[in-house]
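Residue numbers (UniProt numbering): 1 to 361.
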């Protein structure tokens with residue numbers, strides 16, 4: 001009998017991740033509002049630093065990311081020794097699953113949570129466990145009810161994607177108090193900066209030994225093309241993650257660009273103010289058109305239509321007008337479209353297009 005090599009159990013149960021569309025046939029430059037990118041791009045200081053660093057691509061990058069960690073620590077008031085950097089926050093979320101879960105373990109997340117959570121669990125050989133949400137919002141009690149002695153990780157995206165809903169620190173603290181010491185509570189803060197008054201969970205990391213916070217440079221900082229993220233945790237967790245990450249996981253260009261970006265506070269504040277203003281406009285305009293949406297605390301809005309047929313028709317209409325948004329059926333919302341908050345002209349264009357779709361313009 002011929003033997004064949006096979007993948008680890010669970011790997012072939014993974015459905016490939018589908019990113020936001022970036023092209024429309026026949027449209028040279030569509031308005032891309034499908035990937036929650038910063039419509040203002042990145043900091044000019046970051047672009048300049050990337051160009052400067054690119055002159056020395058024959059040199060290996062830093063393995064300890066010390067300059068970037070110090071810059072992040074100074075910006076957020078955190079201990080740089082307890083920060084680790086990765087290829088986007090995705091790499092760090094994956095390393096947490098690899099290091100702390102596995103066969104016999106369970107990875108818990110909410111029903112509309114980031115689709116990569118299930119992939120991380122299956123890749124590590126762990127069992128994915130889903131907790132229901134309440135009105136498209138993380139339900140702390142539902143998560144607590146599903147904690148078992150086998151639970152090794154709990155992933156919480158706050159604000160959540162694709163809903164944009166969020167919960168406060170008091171609720172997260174109650175969850176942290178309920179999670180057993182044999183389990184890590186991972187607070188995925190990809191959109192944390194957009195949630196006014198929220199520290200991403202940093203204070204909970206300092207309060208509880210088994211809480212980890214992750215962040216990214218791909219959204220607010222506009223560096224999705226460089227792939228840089230970071231995590232903040234106890235020294236013990238950081239030491240474990242540093243043992244399993246690749247020593248040269250981040251390029252010199254990515255490190256330099258991210259350091260310049262985090263130091264350009266004026267650009268960051270401008271982007272936050274613009275997002276907050278245009279998010280209000282987008283939500284208000286959708287409501288006026290009879291399109292439901294929950295209050296968003298991120299840089300996108302989940303627009304909910306009457307049913308899947310209307311959502312698909314709206315998506316087709318927007319594409320016809322050169323606008324790309326995100327179909328989120330895979331997240332459990334066949335009746336919805338996720339729309340990135342763009343610039344003022346972008347929001348006007350989206351609302352005008354949807355008004356024509358609704359026949360009120």
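Glycine included, every Cβ here is placed at the ideal spot set by N, Cα and C. Quick caveat: nothing in here was measured; it's all calculated off a predicted structure.
Cβ-Cβ distance between residue 222 and residue 31 below 8 Å: Judged by their CB atoms, residue 222 and residue 31 are not nearer to each other than the 8 Å cut-off.
Tell me which same chain residues have a C-beta within less than 6 Å of the C-beta of residue 69, skipping the five on either side of it? Excluding sequence neighbours, residue 69 sits near 80 and 83.
Taking the beta carbon of residue 207 as the centre, do at least 16 other beta carbons fall within 10 Å, making it buried, or is it exposed? Exposed is the call here.
Residue 58: buried (16+ other C-beta within 10 angstroms of its C-beta) or exposed? So residue 58 ends up on the exposed side.
Grab me the residues of residue 167's own chain with a C-beta within less than 8 Å of its C-beta, minus the 5 sequence neighbours each way, in chain order. Excluding sequence neighbours, residue 167 sits near 137, 138, 140 and 158.
Leaving out five residues on either side along the sequence, give the residues of the same chain with a beta carbon under 7 Å from the beta carbon of residue 349. Spatial neighbours of residue 349 in its own chain (CB-CB distance under 7 Å, excluding positions within 5 residues in sequence) are listed in chain order as 31 and 323.
As assigned by DSSP and simplified to three states, the class of residue 338: In the three-state reduction of the DSSP assignment, residue 338 falls in the strand class, which pools E and B.
Kindly list the residues whose CB is nearer than 7 Å to the CB of residue 251, restricted to its own chain and excluding five residues on each side of it in sequence; keep chain order. Around residue 251: 61.
Contact check, residue 347 vs residue 338, beta carbons under 8 Å: With contacts defined by Cβ atoms closer than 8 Å, residue 347 and residue 338 do not form a contacting pair.
By how many angstroms is the C-alpha of residue 87 removed from the C-alpha of residue 11? C-alpha of residue 11 to C-alpha of residue 87: approximately 21 Å in a straight line.
Chain-order list of residues whose beta-carbon lies under 7 Å from that of residue 71 (same chain, five-residue window excluded): Excluding residues within five positions, the ones whose Cβ falls inside 7 Å are 259, 262 and 263.
So the alpha helix (DSSP H) residue 44 belongs to, where does it begin and stop? For residue 44, the enclosing alpha helix (DSSP H) begins and ends at 44-53.
Where residue 244 falls, given that 16 or more other Cβ within 10 Å makes a residue buried: Exposed.
Between the alpha carbons of residue 185 and residue 178, how many angstroms are there, rounded? The alpha-carbon atoms of residue 185 and residue 178 are separated by roughly 10 Å.
Taking only three categories from DSSP, how would you classify residue 85? If DSSP states are grouped into helix, strand and coil, residue 85 belongs with the strands.
Residue of 8, 204, 27 and 73 minimising C-alpha distance to residue 170: Closest option to residue 170, Cα to Cα, is 204.
Just to confirm the assignment, what range does the alpha helix (DSSP H) spanning residue 204 have? Unbroken alpha helix (DSSP H) run through residue 204: 202-207.
With distances taken between CB atoms, is the gap from residue 214 to residue 66 smaller than 8 Å? Note that the C-beta distance between residue 214 and residue 66 is not below 8 Å.
Start and end of the alpha helix (DSSP H) containing residue 268? That run of the alpha helix (DSSP H) goes 265-288.
Do you know how far the Cα of residue 118 is from the Cα of residue 364? Absent from the structure is residue 364, since the part of the chain shown begins at 1 and ends at 361.
Is it true that the CB of residue 341 sits closer than 8 Å to the CB of residue 279? Going by C-beta atoms, residue 279 is nearer than 8 Å to residue 341.
Relative to the C-alpha of residue 352, which candidate in 249, 284, 37 and 253 has its C-alpha closest? Comparing Cα positions, the closest option is 284.
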